[in-house]
Amino acid sequence: MSDTDAVLNPSPAAGAGQRDPVNNYETILKIPVTVQVVLGSTSMPVASLMKLGRGAVISLDQRVGEPVNIVVNGRIVARGEVVVVDEDSSRFGVSLTEIVTSSSADSAI
Numbered sequence: 001m002s003d004t005d006a007v008l009n010p011s012p013a014a015g016a017g018q019r020d021p022v023n024n025y026e027t028i029l030k031i032p033v034t035v036q037v038v039l040g041s042t043s044m045p046v047a048s049l050m051k052l053g054r055g056a057v058i059s060l061d062q063r064v065g066e067p068v069n070i071v072v073n074g075r076i077v078a079r080g081e082v083v084v085v086d087e088d089s090s091r092f093g094v095s096l097t098e099i100v101t102s103s104s105a106d107s108a109i
């Protein structure tokens with residue numbers, strides 16, 4: 001029996017406390033994560049922030065048509081385009097255009 005066989009098909013003597021890897025995988029897939037779509041950001045002094053009121057416009061560093069970042073638990077994982085989800089135009093979504101590798105995500109932060 002190879003090491004792989006032992007992991008995928010543990011014998012009953014392998015220990016009562018060990019779990020089946022398939023069950024562990026299914027448990028991991030059920031863990032909730034926070035997904036955010038970042039339209040852009042800006043920096044401003046507190047004095048300017050305190051002057052903001054209803055109807056104020058905050059200019060962001062992204063331009064219309066540029067891809068937005070999709071962030072999962074604080075890490076950029078993808079980029080995409082903002083799209084209208086409902087026919088009545090009341091909800092937005094994101095169409096993924098690029099999956100970000102870990103090396104390019106680290107340099108983008």
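So the sequence shown is residues 1 to 109, counted in this note's numbering. Every residue, glycine too, gets a C-beta built ideally from N, C-alpha and C.
- Val84 sits away from Arg75, with the two beta carbons spaced by 9 Å or more.
- Between the alpha carbons of Val57 and Ser48 lies a gap of roughly 12 Å.
- Boundaries of the beta strand (DSSP E) harbouring Val82: 75–84, taken from the DSSP string.
- Rounded to the nearest angstrom, the Cβ distance from Arg63 to Ile70 is 18 Å, too far for a contact under 8 Å.
- Taking a C-beta distance under 9 Å as the contact criterion, Val68 and Val38 qualify as a contact pair.
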